[in-house]
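Right, one structure below, let's go through it.
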Amino acid sequence: MGEEYRVRLHEYQSKELLKRYGIRVPLGRMAHTVEEAVQAVRPLMEGSGNPVVVVKAQIHAGGRGKGRFAEHPDLPGVNVVLEGRAGGIKAAEERVRELSKRMLGSTLKTAQTGAEGKQVNRLYIEQGVDIDRELYISVVLDRAAGCNLVMASTEGGTDIEEVAAEAPEKILREFIDPAVGLLPFQTHALSWKLGFRGESYRNGCRLITSLAHAAEGLDSDLVEINPLVVTGTGEVVALDGKVSVDDNALFRHKDLLDLRDLSEGDPAEIEASKYDLSFIKLEGSIGCLVNGAGLAMATMDTIKHVGGEPANFLDVGGGATTENVTAAFKIITRDPNVRGIFVNIFGGIMRCDVIARGIVEAVRQVGLEVPLVARLEGTNVELGKQIIDESGLNLISALDMKDGAKKIVELAR
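Each residue of the sequence shown is one higher than the one before, starting from 0 at the first, in numbering that gives the first Met the number 0.
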């Protein structure tokens, strides 16, 4: 399902996780308000002796440096602030104040946000770094190979997709055997090919090893540093950081749940997660309530095959209760784009009578203003049909999945 099934973190959160694994990152402070941003300037400048701070918008999207604010087209999502020669730190504080006022609450559009953009509610104020070279490195879960893959390039700071398309020979790859981990010869080969020499070679080897450990320890499907920079003294520093973790691994990482920024998520998807429902909002008009991910995918394909567009992916799972089904129904009906609902249940572990009771309870609570077609089959199917028939609902039965899809698409029109 892509990004929707990942816990996505802001840059400052990702960097805190990288630090746990010994990866060097610049000092920085997160700010919710203009005053918090201004207060971060002096400690960062005085602590590093570097006359530069960077103001970074924090949203769940890449390409912020190239992004622009809808309200301030001249302003990018990442701004470098130089200490004024006359005013010193005071001048830098005033510049950060000015930038923060414009950035907070504004809508940042990047190549990854789409035309609607995302509102900026947090800023990250970070100390400047003496950059000699910029590189790219990541550890990504290669699902086809069934293991993690280290990807690196000397072309840091640019979209890796562009590099892969225009100069694929510049992408370095090393697969990580899950039985033994990233081996020293692989680390040394990557470091040498990335141009690390002397002190930076030793630091580069340590960072690559640490990044592989971080990917394994966090159960991530992506850990990315772009750019990874080499300083004039040979230090290797993560100037940016991105970590995403598959939801299926969260039972081992309960602490990551506290890092989620719920303001960045879809409200319906957040509500669904409270009831352990697998829900993803789509752009169509046919709401789907299905049990089982495979059946849900087949249901959506069938709806599209007969000329409709699904409004959501919703899997209530095999062990759902009446409460879960009621919650699922409410989530579907809250979508103003939904013009019809298709309930498609094959009762194996999930019993048809449980689904029926959930539908009846939900309709009694929220009402039913759009057509509803139900196809029930399997365990307790006769009892499920009886519950619906005796409820007095305006419900249309379907003989099979294709019949149900055809009926709901026609009714929704």
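Note that CB positions come from ideal geometry on N, CA and C, so glycine has one too.
Model, not experiment: these values are computed from the prediction.
message = Classify residue 287: buried if its beta carbon has 16 or more other beta carbons within 10 angstroms, exposed otherwise.
response = The C-beta of residue 287 has 16 or more other C-beta atoms within 10 Å across all chains shown, which makes the residue buried.
6 Å Cβ shell around residue 76 - same chain, five flanking residues per side excluded = Within the same chain, residue 76 has close Cβ partners 56, 63, 66, 107.
Helix, strand or coil at residue 118 [DSSP, three-state] = Strand, per DSSP.
ask   = Looking at residue 214 and residue 307, is the spacing between their C-beta atoms short of 8 Å?
value = Against a cut-off of 8 Å, the Cβ pair of residue 214 and residue 307 comes out as no contact.
key: Expected contact under 8 Å - CB spacing of residue 210 and residue 138 to nearest Å   = Indeed they touch by this definition, with Cβ atoms about 6 Å apart.
task = State yes or no: is the C-beta of residue 125 within less than 8 Å of the C-beta of residue 226?
result = Contact: no.
Touching by the beta-carbon criterion (3+ pairs, under 8 Å), the segment 218-236 and the segment 32-49 = These segments do not touch.
key: Between the CA atoms of residue 73 and residue 84 - distance to the nearest angstrom   = Annotation note: pLDDT 48 at residue 84 (below 50); position unreliable, no value reported.
inquiry  = Using only CA atoms, which one of 68, 142, 165, 121 lies nearest to residue 110?
reply    = When only C-alpha atoms are compared, the closest one is 68.
inquiry  = Going by C-alpha to C-alpha distance, which of 243, 333, 409, 394 sits closest to residue 374?
reply    = Nearest C-alpha to residue 374 among 243, 333, 409, 394: 394.
ask   = Quick one: Cα of residue 130 to Cα of residue 248, how far?
value = When rounded, the distance between both Cα atoms is 36 Å.
request  = For residue 192, collect the residues of the same chain with a Cβ closer than 6 Å to its Cβ; drop the 5 residues on either side in sequence, then sort them by chain order.
outcome  = The answer, listed in chain order, is 171.
task = Using three-state DSSP, classify residue 111 as helix, strand or coil.
result = Residue 111 falls in the coil class under three-state DSSP.
task = Take the Cβ of residue 300 as the centre, count every other Cβ of all protein chains shown within 10 Å, and call the residue buried at 16 or more, exposed below.
result = Residue 300 should be labelled exposed.
Residue 67 in three-state terms, based on DSSP = Here DSSP, grouped into helix, strand and coil, assigns residue 67 to strand.
task = Using three-state DSSP, classify residue 409 as helix, strand or coil.
result = Correct three-state label for residue 409: helix.
task = Return the CA-CA distance between residue 203 and residue 235, expressed in angstroms with no decimal places.
result = Going by the C-alpha atoms only, they are around 6 Å apart.
request  = Could you pull out every residue in the same chain whose Cβ sits closer than 7 Å to the Cβ of residue 17, ignoring the five residues on either side in sequence?
outcome  = 24, 213, 237, 240, listed in sequence order.
request  = Output the boundary residues of the beta strand (DSSP E) element that contains residue 55.
outcome  = Per DSSP, residue 55 belongs to the beta strand (DSSP E) from 51-56.
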